[in-house]
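K.L.:
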Amino acid sequence: MLTQNQIQHFEEKGWLGPLDLFTSSEVESVKKCIETNSSIKEVEGQPMMMLYNNVLNLNTSRDLHLFHQPIAEMFKNNKIVRLLNQLGGDNLLLWNSNVFCKMPGEGEIKWHQVYDSYDPSAYDPQKPALLYPNTEDIINISVWIALDDATLENGCLHFANGTHKEKFGRVQVPAEEGMFAGIKNHKMVWQGRRKYSVVFDFDDNEWEVEAVPARMGQAIIFTERVMHSSPPNKSKQQRRLGINGRYVPPSVQVYPHRLKGDFIDENFHNIKKHFCILVSGQDDYGINVVRDSHDLDNIELEFQTMSNLVRFGHVQLPKGKKEIELETLYQQAMEGDCLEEEPDPILQPRKYIQWQAWNQLKGMSCSEAMKQYSQIVAKLPVVDQKKELPLEEKIKAWLVAYIAKVFNIEADEVNSTLPFERYALGSADAANLVAELGAWLERDIPATALYSYPTIEFLAKHLVSSS
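Take the sequence shown: its position 239, counting from 1, is numbered 239 in our numbering, and each next residue is one higher.
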């Protein structure tokens, strides 16, 4: 239980902690869940943890507790809830969670607060995630749990004491200067392709600021109204992994626009399957979707589990026709019958073959596609996760990702056996590719490399043999 001094600390400063809450074994179960259901990929030259929400069907770090039971159980744990009851009352909903993985070298999350509605990015202020009744004090409490040690060097949380008592204005800025722009994963979720973002009109020099390091298993509780931030991870090798859960009373409308039949949130994500979990007390209002767990049937549950094995590289994918079959079964399961226009068979040969295969599944139910997909994946050989990918494969993957990004196409549309000239790389694009590839490999690559070794496969083989 919290002491009176701790409660007073929270009321005066807006935050409390770090508190010793979870043992190493309790943390390890959640870490294993996250690490098993994620992958590390390079985005804009920075390693990034890729995550997926299997209930909302989104590439995102948010709300993983909706599918993964170890995460849900952590935030439903009485070790947390009994403390929150002292601060926020007896009746509480868990409505949101987020994984924060700050890799070495990754940037800052700038100062921000959530004052009277949950719309921190303000991309669409007409669609706040939370709507409070006018008759109540605002209760929106976060619990941030360290899954790795959070240190001064790797970017622990910082708080501006007492700022929860004041509402700060927002300033529109270019997207690359927004509050989440320094964190690749959250930049993808909140910023997307938008040209503009926001920051707060806040000067931390005018306030008492405290850094709050936390050891693995410790928790920090704070009101979302308090100004908080985290600086860059300046360490060379130390990842900083944390996860937070957010709680509100049942009287608060969560995603209020869904009550009007609008299931697209301000980030253009479909939240139709989102639900809240009642962690304590009772819900006398009935205005939110409240359940103990997701409502996926056994077929979809197995499908989502199997798709994670594929998505995060735990199984060896087949080649040729079987690979196309697996991909199109996934599309049929997720989207139903193909409604896409016929791709150009010359410019997009692989996509054309895939389009043909998908059309052959016309009329197959999503449930049947899920079953067939799961049956195929269950028979695939398991990948040894400890075995490092050969350098040649790493180079090919880098080149595919680079070309896909330049031409704004999917990675599977890039054919590693086609000449670079087929992608109409201009001289400037070619020069940039060679320069960035050389920087990534930390070696000099001749400017003529793309002409001497004209395909991804040839270039990768050459770079390995000449290293």
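All residues carry an ideal CB built from backbone N, CA and C; glycine is no exception.
Fair warning: this is a prediction, and the values are worked out from it, not measured in the lab.
1. Just curious, the alpha helix (DSSP H) that isoleucine 445 is in, first and last residue?
2. Below 7 Å CB to CB, which residues in the same chain sit around cysteine 33 once its five sequence neighbours on both sides are set aside?
3. Does the count of Cβ pairs from the segment 286-304 and the segment 97-110 closer than 8 Å reach three?
4. Between which two residues does the beta strand (DSSP E) containing glutamate 42 stretch?
5. Note down, in chain order, each residue of its chain lying with its Cβ closer than 6 Å to the Cβ of isoleucine 456, except the 5 sequence neighbours on either side.
6. Compare the beta carbon distance of valine 171 and valine 199 with 9 Å and say whether it is the shorter of the two.
7. Between the C-alpha atoms of aspartate 148 and serine 39, what's the straight-line distance to the nearest angstrom?
8. Which residue from Pro318, Met364, Arg240 puts its Cα closest to that of methionine 48?
9. Take the Cβ of tyrosine 330 as the centre, count every other Cβ of all protein chains shown within 10 Å, and call the residue buried at 16 or more, exposed below.
10. Exposed or buried, asparagine 54, counting other C-beta atoms within 10 Å across all chains shown (16 or more means buried)?
11. Work out the CA separation of asparagine 140 and arginine 215 for me, nearest whole Å.
12. Under three-state DSSP, which class holds alanine 219?
13. For glutamate 210, write down the residues that DSSP places opposite it in a beta bridge.
14. Can you name the start and end residues of the alpha helix (DSSP H) that valine 434 belongs to?
15. When DSSP labels each residue in this structure, what does arginine 246 get in the three-state scheme?
16. Quick one: give me the first and last residue of the beta strand (DSSP E) that proline 349 is part of.
17. Assuming the contact rule is C-beta atoms closer than 8 Å, asparagine 288 and cysteine 276 should be a hit. Round their C-beta distance to whole Å, please.
18. Per DSSP, what kind of secondary structure is alanine 146 in: helix, strand or coil?
19. Are lysine 127 and aspartate 337 close, meaning C-beta to C-beta below 9 Å?
20. Check whether the Cβ atoms of isoleucine 324 and isoleucine 353 lie closer than 9 Å to each other.
21. Can you give me the C-alpha to C-alpha distance between lysine 322 and glutamate 410, rounded to a whole angstrom?
22. Between which two residues does the beta strand (DSSP E) containing glycine 88 stretch?
23. Suppose you measure from the CA of alanine 404 to the CA of histidine 164; what does that come to, to the nearest Å?
24. Could you check what DSSP says for leucine 2 in three-state terms: helix, strand or coil?
25. List the DSSP bridge partners of valine 290.
26. I'd like the span of the beta strand (DSSP E) that includes valine 114, first residue to last.
27. Tell me where the alpha helix (DSSP H) around asparagine 298 begins and ends.
P.N.:
Looking at the coordinates:
1. Neither: isoleucine 445 is in no alpha helix (DSSP H) and is coded neither H nor E.
2. His68, Pro70, Ile71
3. no
4. 38-43
5. Lys396, Leu399, Ser416
6. yes
7. 17 Å
8. Arg240
9. buried
10. buried
11. 24 Å
12. strand
13. Phe159
14. 427-441
15. strand
16. That residue, proline 349, is in no beta strand (DSSP E); its alpha helix (DSSP H) goes 349-359.
17. 5 Å
18. strand
19. no
20. yes
21. 20 Å
22. Where glycine 88 is concerned, there is no enclosing beta strand (DSSP E), although the alpha helix (DSSP H) it sits in stretches over 78-88.
23. 44 Å
24. coil
25. Cys276
26. Looking at the DSSP string, valine 114 is not in any beta strand (DSSP E), and its letter there is neither H nor E.
27. 298-311
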